[in-house]
């Protein structure tokens, strides 16, 4: 399983294990460039791209991006 924390609000959601960040976000219905994705690691949070391979038990923090202009 992969734990997804949706921001704002901090609502946690468990998602069946997916190989990549892209697969998790697609499963949640997001398209590319709609979110900032942060992987929580032992070394601290890291901003990741869609092509990052995930390990079982990963924790992702997802922040929707809004454009203004």
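In our numbering, the protein residues as written are 3 to 71.
Quick reminder that beta carbons are idealized off the backbone N, C-alpha and C, glycines included.
Sorting 52, 42, 37, 61 by C-alpha distance to the C-alpha of residue 69 places 37 at the top. The criterion of a C-beta distance shorter than 8 Å is satisfied by residue 63 and residue 42.
Its Cα nearest to that of residue 28, the residue 53 stands out among 59, 9, 53. Going by DSSP, residue 23 is part of the alpha helix (DSSP H) stretching over 23–30. Under the three-state reduction of DSSP output, residue 5 falls in the strand class.
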